[in-house]
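First residue of the sequence shown? That's 76 in my numbering, and the numbers climb one at a time after it.
For glycine and all other residues, C-beta sits at the position ideal for the given N, C-alpha and C.
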Amino acid sequence: MTYSNLEILKVLIVDDESAICENLKSYLENIGILGTKIVDSGEKALIEMDKEEYNYVFLDLMMDGISGIETLKKIHRGHQLISVIIMTGYPSIDVVIDAMHNGAADFLVKPFRFQDIKIILEKIQKYRHLQIKNWRLNQELEDKKKVEELNIQLERKIRLQTILYNIMDSLSQINSSEEIYLYLVKKAIEFCNAEKACFMIFDKKDSSLIVLAQHGLDRMASWIKTEPIEDSLSKMTLNKDFVYSNFAEFVDNNITLDIVNRFNGLITIPFNIRGEPFGVLFVAQKEDRRSFDKEDEFILKFLAEKAALNIENIALYNNLKHSLMASLISLASAIEAKDSYTKQHSSRVTDMAIKIASQMRCNTDELEMLRSGGPIHDIGKIGINDMILNKPDRLTEDEFKSIKNHPIIGVNIISSLGLGFQELSIIRNHHERWDGKGYPDSLKEKDIPKLSRILAVADAFDAMSSNRAYRNALPFAVCIQELKNNSGTQFDPEVVEAALTVFAA
Ligand SMILES: [Fe+2]
76 MTYSNLEILK VLIVDDESAI CENLKSYLEN IGILGTKIVD SGEKALIEMD
126 KEEYNYVFLD LMMDGISGIE TLKKIHRGHQ LISVIIMTGY PSIDVVIDAM
176 HNGAADFLVK PFRFQDIKII LEKIQKYRHL QIKNWRLNQE LEDKKKVEEL
226 NIQLERKIRL QTILYNIMDS LSQINSSEEI YLYLVKKAIE FCNAEKACFM
276 IFDKKDSSLI VLAQHGLDRM ASWIKTEPIE DSLSKMTLNK DFVYSNFAEF
326 VDNNITLDIV NRFNGLITIP FNIRGEPFGV LFVAQKEDRR SFDKEDEFIL
376 KFLAEKAALN IENIALYNNL KHSLMASLIS LASAIEAKDS YTKQHSSRVT
426 DMAIKIASQM RCNTDELEML RSGGPIHDIG KIGINDMILN KPDRLTEDEF
476 KSIKNHPIIG VNIISSLGLG FQELSIIRNH HERWDGKGYP DSLKEKDIPK
526 LSRILAVADA FDAMSSNRAY RNALPFAVCI QELKNNSGTQ FDPEVVEAAL
576 TVFAA
């Protein structure tokens, strides 16, 4: 026999016939296999195999306790590299097939001759090499599969983290609620590969939903009636027929809107602000026709939560800003009220500036900036002596120098309150001139911020057309002529042109 390292091979003989066991053990020792142990039942064999590692098992089929086949199954399950040789006196074809199916390496028919053992061991020895090679290949394959699965999981985690970061980052740059609603719809479609999305808010007054942003829903109305349950806003439901006609997703019942609903081609995410129902996000039809999964739900809930937080922050900021602006406007009005001639001046200037800006097709943000910056453009006069401000006579050079500080004083007050650049530039630069001879920065032409150029024209026109301590109001026609005369020197010609159109109307 051509065994290598026979002395290190370990063999377990499992048979309740001790004579057979002893003969077999003697033979194995004769051929150099010294590590042989004998047990007389399947139970003992399994216990033994948990304690020691064996290479071969000679296993009798007919034993008390658990049968040879049951023992074989358990050995095969737990120790795949062990070669089990079945010993039986009744080798029917069924028994052979059953044993081979359950991992037997070969058969030894009782009574057996020693040369039979020799042949089987030689055969198994060859087979073992293949078996070990095959086992290693399988192990490698399994390891490779595990690595691939881990890679897929890792990629998904990276994608998820990227999406979450993207949401946090981009939301922090949005400053208006309207933009957030559009962002919600756009990102829901992008992150879930969906074709339709819609964001609606609840209207508490009549239990309806108002569509604020949508994509892919051509026929949908902008106002949808819901069906309230128990007069509770949180128990609003949406009619199943409505859902079917707009999202092409058949559902059995009306949809309750304060919970997440996940169907095959539709997911709805409740949108709460401070724990109160505020709206609902619908996303439908994934492009690859797959169902919305737990990951989609996680992303959309995260998106909705962060967007809700941003909307809340914007509302808080706006409230704060409005109350701050209201205080500043009262302060500016109080300054103007000290002089009966300048009463309501800033408010008239603001109205006029907004009309001119509209004529110049300024955008909503610019008009809003004029609306907030206009009434406080002279707020810096709080730092100027009343005697100078209300002096009926001509100002001395020093007094005029002092007056010229008011834009800078105004900016110093406002900048410490955290208002925006546009409001600051209205306050700082409303006395600049088109030809660069204004103050405080001597800016020229389009270096002067547009809103400051607009306010400068409105400011000058109101000053000319209202009574002052030192003169009466100039006639309207004279004021118009003054604007024309100073267009291109004091004033921006484009602004003058727009103002003339406004005054002619
Ligand atoms: Fe001023």
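query                                                                                                                 : result
Host beta strand (DSSP E) of N347 (start-end)                                                                         : L341 to I348
Boundaries (first-last residue) of the beta strand (DSSP E) holding Q565                                              : From DSSP, Q565 is part of no beta strand (DSSP E); its letter is neither H nor E.
Terminal residues of the beta strand (DSSP E) in which D278 lies                                                      : A269 to D278
Residues of its chain near I195, where Cβ-Cβ distance is below 7 Å and the 5 sequence neighbours each way are ignored : I160, D181 and L183
Contact test: D534 Cβ vs ligand 1 heavy atom, cutoff 7 Å                                                              : yes
Cβ pair E372, S447 closer than 8 Å                                                                                    : no
Proximity test, H420 beta-carbon vs ligand 1 heavy atom, cut-off 7 Å                                                  : no
Expected contact under 8 Å - CB spacing of F566 and L558 to nearest Å                                                 : 7 Å
Own chain, CB closer than 7 Å to L403, minus 5 neighbours either side, in chain order                                 : I451 and I454
Short Cβ contact (8 Å threshold) for I348 with V335                                                                   : no
Sequence-distant residues of its chain with Cβ nearer than 6 Å to T77 (five each side left out)                       : Residue placement at T77 cannot be trusted, given a pLDDT of 43 that sits under 50; the coordinates are not used to answer.
Limits of the unbroken alpha helix (DSSP H) element including H420                                                    : H420 to Q434
Exposure of F274, with buried meaning 16 or more beta-carbon neighbours within 10 Å                                   : buried
Alpha-carbon spacing of M175 relative to H151, whole angstroms                                                        : 11 Å
Buried or exposed (CB count within 10 angstroms, at least 16 for buried), D139                                        : exposed
Any non-hydrogen atom of ligand 1 closer than 7 Å to F453 Cβ                                                          : According to the sequence as given, residue 453 is Asp; it is not Phe. Under cutoff, so the answer is yes.
Through-space distance from H154 to G291, alpha-carbon basis                                                          : 59 Å
Test item: CB-CB of K361 and F367 under 8 Å                                                                           : yes
Closer than 7 Å: H481 CB and nearest ligand 1 heavy atom                                                              : yes
Where L229 falls, given that 16 or more other Cβ within 10 Å makes a residue buried                                   : exposed
Enclosing beta strand (DSSP E) for G354 [first to last residue]                                                       : E351 to K361
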